[in-house]
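Encoded as structure tokens, the structure appears first; notes follow it.
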Amino acid sequence: MQAYALNTWSIMLELAPPMLLGLFLAGLLHVLLPPSLIRANLSRPGLPSILRAVLLGIPMPLCSCGVVPTAMGLRNAGASRGAAIGFLISTPQTGVDSILVSASFLGWPFALFKVFAAFVTGLLGGLLAERFGGNSTQELPVSCPLPPVSSHSRGIPKLLEALRYALFDILAAIDLWLLGGVLAAAAITTLLPPQLLAGTTWATGPTGLLLVLLLSIPLYVCTTSSVPIAAALVAAGLPTGTALVFLMAGPATNIATLGIIGRVLGPRILAIYLGTVAGMSLLLGIAFDWILPRANEVQHLHQGLHHSGFLSLLSALLLLALLVYLLGLRILRRVRFPRSSSLLAPSNERLVLTVTGMSCHRCVANLRQQVGSLPGIQEVDIELTSGRVEVHGKNLDRALLEATIQRAGYQVAVWQA
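Read in order, the letters of the sequence shown are residues 994 to 1410 in the numbering used here.
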């Protein structure tokens, strides 16, 4: 148990500095890169739009669930089909936070190659979708539009808005996955000694890559929080190409994402999407091990506390404090008294409903933003697991609320009394 605790803390020390820096850079991207600029450059079919979509998507910190509705928003706003698919494939594979964390755990050659892999995969998928995706021009439901800087915060300095976005929109969307990734990586590090799997033929050859690919496709894996898991597998003896497959296919695919793509874009686009991600992750995983065979050495993960300085310690404590704060907010939302009792004025109205279709905390954040922008809305509470949505305000329009939820790509299952 002591070894597990030490490994957990060691991973936190390694993860925290690049994670915090990546969150800050993601916040700056949010305030400095307006959605109008993105949409204006993606409308024309062809290679230039696909190229711009991939280049704009690579630094964005969106998970697979968050990027699907964002790409749909781009499509509805006039982006070409190839640009939307290129954005859809490249964005969840990496991001500014993921790049820094990957470099910390697996080295800069791996991190830069992962960026290259996301670029090539997104570009190829976009071109294939443009050429073979059919001629459908149907409107796509928008679940999570590109998050604009809210109008009520125009007087707040952009730095504060960047910090708010980094904490409540990015970190709050992956906090549980981040904790789970750290704990899982510590367990792998504790239970599997370094280089334990190095001598096994199935783990070090193409069979190992294929097995990791098959395991990654149905799972929901966050590209940032799963980096410690990938590093732990490499430290246990798997080739670094296996980590590349895991970090390419996992974030870009999961059952929920594939279901949405198949439903709204059709089976042909789904086949192009899945085939591109699966095929390219295998090829690039093999290519990485061939081009950089010495990159299989993971130096950072097992150095532990010996190299941790004041910055690492301070960053780990700050990240831990932020995670505890966000988890505390989750607990308070579950155990607090109903707001209609005494926290709100008696004249305020209250509507409770069950919504289906939400798959991650980013969906929750975006739905809360859209519903909260309606006239008369004062507070919106959303529980991801149950789909329960509680709305407080004055002169609430039930029809407008339901239409807004449906326009966001979700369905109202039950209206409660």
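For glycine and all other residues, C-beta sits at the position ideal for the given N, C-alpha and C.
Rounded separation between residue i and residue j - CA only
i, j, result
"A1401", "Q1363", "8 Å"
"S1042", "F1112", "14 Å"
"V1227", "L1105", "17 Å"
"G1369", "N1341", "10 Å"
"S1308", "P1085", "25 Å"
"C1397", "G1321", "Correcting the residue type first, residue 1397 is Thr in the shown sequence and not Cys. Their backbone Cα atoms lie some 30 Å apart in a straight line."
"S1333", "K1387", "The predicted position of S1333 is uncertain, since its pLDDT is 43 and thus under 50; a value taken from the coordinates is nonetheless stated next. Each residue's Cα considered, the two are about 13 Å apart."
"F1330", "A1223", "With a pLDDT of 42 at F1330, under the threshold of 50, the predicted position of this residue should be treated as unreliable, though the coordinate-derived value follows. Rounded to whole angstroms, F1330 to A1223 spans 42 Å at the Cα level."
"L1008", "T1216", "13 Å"
"T1114", "L1099", "21 Å"
"L1006", "R1391", "49 Å"
"S1073", "L1055", "20 Å"
"L1208", "A1236", "12 Å"
"A1033", "R1068", "12 Å"
"A1122", "A1177", "36 Å"
"F1303", "L1311", "12 Å"
"Y997", "A1180", "7 Å"
"L1013", "K1151", "18 Å"
"Y1403", "P1244", "22 Å"
"Q1409", "N1359", "22 Å"
"W1283", "A1229", "19 Å"
"V1060", "L1081", "6 Å"
"G1075", "Y1266", "11 Å"
"L1240", "S1219", "7 Å"
"L1035", "I1254", "20 Å"
"D1374", "A1242", "33 Å"
"F1281", "S1274", "10 Å"
"L1185", "E1372", "48 Å"
"W1170", "L1316", "11 Å"
"L1025", "R1323", "30 Å"
"L1367", "I1004", "43 Å"
Under the three-state DSSP convention, the category residue i falls into
i, result
"E1007", "helix"
"E1123", "helix"
"L1336", "Its pLDDT being 41, under 50, L1336 is placed unreliably in this model, and the value from its coordinates should be taken loosely. L1336: coil per DSSP, three-state reduction."
"A1072", "coil"
"I1398", "helix"
"G969", "Coverage of the chain is limited to positions 994 through 1410, which leaves residue 969 absent and any answer about it impossible."
"S1219", "coil"
"L1231", "coil"
"N1359", "helix"
"G1198", "coil"
"L1237", "helix"
"R1037", "coil"
"T1269", "helix"
"M1012", "helix"
"P1054", "coil"
"I1163", "helix"
"S1143", "Summary for S1143: the model assigns pLDDT 45, below 50, so the residue's position carries little reliability; its value from the coordinates is reported in the next sentence. S1143 falls in the coil class under three-state DSSP."
"P1150", "coil"
"L1313", "helix"
"L1277", "helix"
"T1087", "coil"
"P1244", "helix"
"P1211", "coil"
"G1259", "coil"
"L1285", "coil"
"G1100", "coil"
"L1185", "coil"
"S1136", "Low confidence applies to S1136: its pLDDT is 39, below 50, so where it sits in the model is not reliable enough to give any reading."
Minimum Cβ-Cβ distance from residue i to chain C less than 8 Å
i, result
"Q995", "In the structure shown, chain C cannot be found, because there is only a single protein chain."
According to DSSP, residues forming a beta bridge with residue i
i, result
"G1386", "E1342 and I1370"
"I1375", "V1382"
"T1347", "R1381 and V1407"
Supposed contact pair residue j and residue i - C-beta distance, whole angstroms, cut 8 Å
i, j, result
"L961", "T1269", "The chain is shown only over 994 to 1410; residue 961 falls outside these bounds and no answer can be derived."
"T1271", "L1206", "Strictly speaking, residue 1271 in this sequence is Ala, with Thr absent from that position. 6 Å between Cβ atoms; contact."
"V1089", "A1019", "6 Å"
"M1053", "L1022", "7 Å"
"A1110", "L1277", "5 Å"
"V1384", "L1344", "5 Å"
"V1357", "L1377", "5 Å"
"G1119", "V1047", "7 Å"
"A1225", "T1197", "About 16 Å; that fails the 8 Å criterion."
"L1285", "P1038", "Their Cβ separation, rounded to whole angstroms, is 36 Å, which puts L1285 and P1038 out of contact at 8 Å."
"G1234", "L1202", "6 Å"
"L1313", "V1407", "At roughly 38 Å, the Cβ-Cβ gap does not stay under 8 Å, so L1313 and V1407 are not in contact."
"P1011", "S1305", "About 10 Å separates the two Cβ atoms, so there is no contact after all."
Taking one C-beta from the stretch 1090–1106 and one from the stretch 1259–1274 each time, how about it: are there three or more such pairs within less than 8 Å?
-> Short answer: they don't touch.
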